[in-house]
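*Asks:* Heads up: the protein sequence lines correspond to chains V and F, in order.
Here the first sequence stands for residues 1 to 255, where the numbers follow our numbering.
Here the second sequence stands for residues 1 to 466, where the numbers follow our numbering.
By construction, the Cβ of each residue, glycine as well, lies at the ideal position given by its N, Cα and C atoms.
Here it is, the structure, as structure tokens.
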Amino acid sequence: MAEQLLQVRNLNVSVEDTELLHGVSLDVNAGETHVLMGPNGAGKSTLGYTLMGNPAYHVTGGSIVFDGEDITGLSADKRAQRGMFLSFQTPLEVPGLTLSAFLLSAMRQKTGKPVKIFAFQKELEETMRLLHMDPSFAERDLNVGLSGGEKKKAEILQLLMLRPKFAILDETDSGLDVDAVRTVSAGIEEYQKKRGGALLVITHSTRILEALSVDYTHVLVKGRLVYTGGPELVDDINEHGFERFEAASAAEKKQ
Amino acid sequence: MAKAKIQEVDRSLYDFKDDESHGFYRMEEGLTADIVGQISDEKHDPDWMREWRLYCLDLYNQMSVPDWGPSIEGLDMDRISSYVRSKSDMKGDWKEVPDEIKNTFEKLGIPQAERESLAGVGAQYDSELVYHNLQEDVAKQGVVYTGFEEAVTGEYSDMVKEYFMKLVPPTDHKFAALHGAVWSGGSFVYVPKGVHVEIPLQSYFRLNAKGAGQFEHTLIIVDEGADLHFIEGCSAPKWNVANLHAGCVELYVKKNARLRYSTIENWSKNMYNLNTKRALVEEGGRMEWVSGSFGSHVSYLYPTTILKGDHSHCEFTGITFAGKGQNLDTGAKMIHIGKDTSSFIDTKSISKSGGISTYRSAVVIEKSAENAKASVSCASLMLDSKSRSDTIPAMTVKTNKADVGHEAKIGRISDEAVFYLMSRGISESEARAMIVSGFANPVSKELPLEYAAEMNNLIRLEMENG
């Protein structure tokens, strides 16, 4: 049996007194890849932020268990230290903090141990090469002045350097051109296949999934997980849209 | 290098303090000619300086305190002589040094002997030795680097007399007049024509010297084509029993010379810092200020540069961090007189825990300053809703042929950015410190490495202190 990694139970989440998620439950085992789809405003990013511990998203009911530990009340840094990661839909810019200094600091804090600089530099260079990133970006300020595509590559760079057990990718492919999607996919594939990392991929498109093996697909509509299927569901949704799930959701609500 | 404390006690100081017959304890009565005369006696002032002090005293007694900036009500002007008196190295007791300052010493890793010296309770320590070595090294290049008293009475006394308080006249404001009357300690530097001083000179060593630190005078002359970097202060808080600092810095940058003047001021949090700094730049000269203001209760600090010569240039890079109970009014002034002069002001200010940080600047382009260029950029970061940040830039342009620009940004630390860093395993306090350090980075990267590291430590410390 697969090793249990994440158990989300009946999660209710509010932002400023508006409930956005209503009783969401989700299980992710080690090494599995789950795809989360749904129409705009369904609460996909809300789920991502909540799992990562954004303090603006209040858990009003339910629980999140990660690696056997209830982390519902833990802050984002503690969750990251336990092996969670969120690739942001819109990565933040931090002027004056270089990407390499940031990564080094994150690795130190995450592990609580000193990082060997030489090995770090080497790994950083290799990973940047894999992602077709200009090596000079390592010494540039974090995300400052980067294009949307470069920012997403920088997110995947962080994913590969920080080696989490579970990563949420929030629309990592949105706004990327074909080449950039391919590059980013290669990075995610590296994480998934060579390192056995688990994934929750929030996406609107199939492009990013082509290189990945998907275990489950979930459909989120109006704050509720209304359907869970296999990898074939992705193509189905792409062909037919969310209409039938929305109808089902409305019917469910009436009952 | 082992830090050995030199347990040398200067008897004259104690004699001086105990000498009640000179009316020295009549502190309630303000500053008198007697007290100023005492200072002249102690320093063996030449006649011109003796007269100068009395002239300044007269001005001081006639002038009123500034009423346009942060309140200095906490400064008891009626007891001004008590502030003046304690300049003569009044030794306190280590037990009386506030814990906050002791902790800062601890966290900055300052050796015990230095801590005691900085806290004004210890005797001088072996930085004196470092200072002397430095003095010898640069002397080989013909550079003069001495304490100010030595300069007034020594070989270069004529030069001192020619330049002293010409750039900052005592008529400027009440505290400049006070400074003229009671100045004590400081540095004199003369760099001869064409000499490039390779290592930065640091007044840090001098600050620990007797009597320096409250009314110190710094006079630097960089002669034609010469080059110098001078560093003032250090990141440890300098604690004095009395809480007024009215120093004066006069910088002369001659034709085609360059001077970089870096400061990290971290006075203890009870200090009223009313400091005056000014530079005069001749043709083709280049003045660079790097200024960090962290300490003090109230600061008034606006280094001024007069771009007198054609093609002269000045850059000012500054950072101010106002925490709890601090009201720091800082900025810069640029006065363009020569043709094709250029100036750049780039400042950052941070306010936290109810601190007030005000950026105040003035750029004046005189009619003669054709084709002058001036740019002002100031950014403020408020770390909470209790703190305040104001921007008061002034520009006076008297010629049509000038190019001036101004940009101001005021912002708060973004919760989203904090969450972003935290999602990578970085603690909340560390995330905030990283964002603030990043904001300060354009300034810290202008500092020598060890000072940049100290400044970052200082920011971290300020972030930790609630």
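Run down chain F in chain order and give the residues with a C-beta less than 7 Å from the C-beta of V/Gln109.
*Replies:* By 1-based counting over the first sequence, the position of residue 109 of chain V is 109. The answer, in chain order, is Gly425, Ile426, Ser427, Glu430.
*Asks:* For V/His240, count neighbouring Cβ atoms within 10 angstroms of its own Cβ and tell me buried if that reaches 16, exposed if not.
*Replies:* By 1-based counting over the first sequence, the position of residue 240 of chain V is 240. Counting Cβ neighbours within 10 Å, V/His240 comes out exposed, since fewer than 16 surround it.
*Asks:* Please go through the segment 137-181 of chain F and give each complete alpha helix (DSSP H) segment of 4 or more residues, from N-terminal end onward.
*Replies:* Here the runs fully enclosed are 148-153, 157-163.
*Asks:* Taking the alpha helix (DSSP H) that F/Pro442 belongs to, which residues open and close that run?
*Replies:* Position 442 of the second sequence, counted from the first residue, corresponds to residue 442 of chain F. F/Pro442 -> alpha helix (DSSP H) spans 428-444.
*Asks:* Would you kindly report the start and end of the unbroken alpha helix (DSSP H) that includes F/Ala453?
*Replies:* Taking the second sequence and counting its residues from 1, the one referred to as residue 453 of chain F is at position 453. Its alpha helix (DSSP H) spans residues 449-464.
*Asks:* What three-state label does DSSP hand V/Tyr57 in the structure shown?
*Replies:* If you number the first sequence from 1, residue 57 of chain V lands on position 57. Residue state, collapsed to three classes: coil.
*Asks:* Start and end of the alpha helix (DSSP H) containing V/His132?
*Replies:* Taking the first sequence and counting its residues from 1, one reaches residue 132 of chain V at position 132. Looking at the DSSP string, V/His132 is not in any alpha helix (DSSP H), and its letter there is neither H nor E.
*Asks:* Give me the residue from F/Trp183, F/Thr391, F/Tyr302, F/Lys95 with the minimum Cα distance to F/Leu57.
*Replies:* Here residue 57 of chain F is taken as the residue at index 57 of the second sequence, counted from 1. F/Leu57 has its Cα closest to that of F/Trp183, out of F/Trp183, F/Thr391, F/Tyr302, F/Lys95.
*Asks:* So, are the CB atoms of V/Leu11 and V/Gly61 less than 9 Å apart?
*Replies:* If you number the first sequence from 1, residue 11 of chain V lands on position 11. If you number the first sequence from 1, residue 61 of chain V lands on position 61. In contact: V/Leu11 and V/Gly61 (Cβ atoms closer than 9 Å).
*Asks:* Who are the near neighbours of V/Ala106 in its chain, counting only those whose CB is closer than 7 Å to its CB and skipping five residues on each side?
*Replies:* Position 106 of the first sequence, counting from 1, holds the residue named residue 106 of chain V. So the list reads Leu162, once near-sequence residues are dropped.
*Asks:* Of all the residues that make up the segment 39-57 of chain V, which are near chain B by a beta-carbon distance shorter than 9 Å?
*Replies:* Absent from the structure is chain B; the protein chains it does hold are V and F.
*Asks:* Closest Cβ-Cβ distance between V/Phe242 and chain F: below 9 Å?
*Replies:* For the purposes of this step, residue 242 of chain V is taken as residue 242 along the first sequence, with counting starting at 1. Output row for V/Phe242: interface = no.
*Asks:* Whole angstroms is fine: what's the gap from V/Glu123's alpha carbon to V/His58's?
*Replies:* Working through the first sequence from its first residue, we reach residue 123 of chain V at position 123. Working through the first sequence from its first residue, we reach residue 58 of chain V at position 58. Taking the straight line joining both Cα atoms gives about 37 Å.
*Asks:* What is the rounded straight-line gap between the Cα of F/Tyr384 and the Cα of F/Glu42?
*Replies:* Here residue 384 of chain F refers to the residue found at position 384 of the second sequence. Here residue 42 of chain F refers to the residue found at position 42 of the second sequence. For the sequence presented, residue 384 of chain F should be read as Asp rather than Tyr. Their backbone Cα atoms lie some 49 Å apart in a straight line.
*Asks:* Should F/Gly438 be flagged as near chain V, meaning a C-beta pair shorter than 9 Å?
*Replies:* Taking the first residue of the second sequence as 1, we reach residue 438 of chain F at position 438. Answer yes: the Cβ-Cβ gap between F/Gly438 and chain V drops below 9 Å somewhere.
*Asks:* Do F/Thr320 and F/Ala332 count as a contact pair if the criterion is CB distance below 9 Å?
*Replies:* As a working note, residue 332 of chain F is residue 332 in the second sequence. As a working note, residue 320 of chain F is residue 320 in the second sequence. Not closer than 9 Å, so no.
*Asks:* From V/Leu159 to V/Leu5, what does the alpha carbon distance come to, in whole angstroms?
*Replies:* Here residue 159 of chain V refers to the residue found at position 159 when the first sequence is read from its first residue. Here residue 5 of chain V refers to the residue found at position 5 when the first sequence is read from its first residue. If I take the Cα positions, the gap works out to 18 Å.
*Asks:* If you check the beta carbons only, do V/Glu210 and V/Ser174 fall under 9 Å apart?
*Replies:* Along the first sequence, read from residue 1 onward, the residue named residue 210 of chain V stands at position 210. Along the first sequence, read from residue 1 onward, the residue named residue 174 of chain V stands at position 174. Result no, Cβ atoms of V/Glu210 and V/Ser174 do not sit closer than 9 Å.
*Asks:* Is the beta carbon of V/Val35 closer than 9 Å to that of V/Tyr216?
*Replies:* Within the first sequence, residue 216 of chain V is the residue found at index 216, counting from 1. Within the first sequence, residue 35 of chain V is the residue found at index 35, counting from 1. Closer than 9 Å, so yes.
*Asks:* Would you say F/Met434 reaches chain V, if we count a Cβ-Cβ gap shorter than 9 Å as a contact?
*Replies:* By one-based count along the second sequence, residue 434 of chain F stands at place 434. Yes, its Cβ sits closer than 9 Å to a Cβ of chain V.
*Asks:* What's the call for V/Pro55, buried or exposed, on a 16-neighbour Cβ count within 10 Å?
*Replies:* Mapped onto the first sequence, residue 55 of chain V falls at position 55. By the neighbour-count rule (16 or more Cβ atoms within 10 Å), V/Pro55 is not buried but exposed.
*Asks:* Just to make sure I have the definition right: I need the residues of chain F whose C-beta is within less than 8 Å of the C-beta of V/Leu265. Which are they?
*Replies:* Here chain V has residues from 1 to 255 only, and residue 265 of chain V is not among them.
*Asks:* Under 9 Å between beta-carbons, which chain F residues line up against V/Leu21? List them in chain order, please.
*Replies:* For the purposes of this step, residue 21 of chain V is identified with residue 21 of the first sequence, where counting begins at 1. Per Cβ cutoff of 9 Å: no residues; V/Leu21 is ~18 Å from chain F at best.
*Asks:* Going by DSSP, which residues form a beta bridge with F/Gly411?
*Replies:* Locating residue 411 of chain F in the second sequence gives position 411, where the first residue counts as 1. Partner(s): F/Leu381.
*Asks:* If F/Leu219 sits next to F/Phe164, beta carbons under 8 Å apart, how far is it from one beta carbon to the other, in whole angstroms?
*Replies:* Locating residue 219 of chain F in the second sequence gives position 219, where the first residue counts as 1. Locating residue 164 of chain F in the second sequence gives position 164, where the first residue counts as 1. About 6 Å separates the two Cβ atoms, so the contact holds.
*Asks:* At a CB distance below 7 Å, what residues from the segment 58-77 of chain V approach chain F? Give them in sequence order.
*Replies:* Answer set for the segment 58-77 of chain V: Ser75, Ala76, Asp77.
*Asks:* Please confirm if V/Gln192 has its CB atom under 9 Å from at least one CB of chain F.
*Replies:* Indexing the first sequence from 1 puts residue 192 of chain V at position 192. Taking Cβ atoms only, chain F never reaches closer than 9 Å to V/Gln192, which makes this a no.
*Asks:* Between the alpha carbons of F/Lys386 and F/Lys324, how many angstroms are there, rounded?
*Replies:* Locating residue 386 of chain F in the second sequence gives position 386, counting from the first residue. Locating residue 324 of chain F in the second sequence gives position 324, counting from the first residue. Answer to the nearest angstrom: the Cα atoms are 10 Å apart.
*Asks:* What is the DSSP secondary structure of V/Arg82, counted as helix, strand or coil?
*Replies:* For the purposes of this step, residue 82 of chain V is taken as the residue at position 82 of the first sequence. Three-state DSSP puts V/Arg82 in coil, outside helix and strand.
*Asks:* Thinking C-beta only, is V/Thr127 closer than 9 Å to V/Leu157?
*Replies:* Counting from one through the first sequence, the residue named residue 157 of chain V turns up at place 157. Counting from one through the first sequence, the residue named residue 127 of chain V turns up at place 127. Taking 9 Å as the Cβ cut-off, V/Leu157 and V/Thr127 qualify as a contacting pair.
*Asks:* Report the CB separation of F/His336 from F/Ile365 in whole angstroms; it is logged as a contact under 8 Å.
*Replies:* Locating residue 336 of chain F in the second sequence gives position 336, counting from the first residue. Locating residue 365 of chain F in the second sequence gives position 365, counting from the first residue. Contact holds; Cβ gap of about 5 Å.
*Asks:* Please report how far the alpha carbon of V/Ile208 lies from the alpha carbon of V/Asp235, in whole angstroms.
*Replies:* Your numbering for residue 208 of chain V matches position 208 in the first sequence. Your numbering for residue 235 of chain V matches position 235 in the first sequence. If I take the Cα positions, the gap works out to 13 Å.
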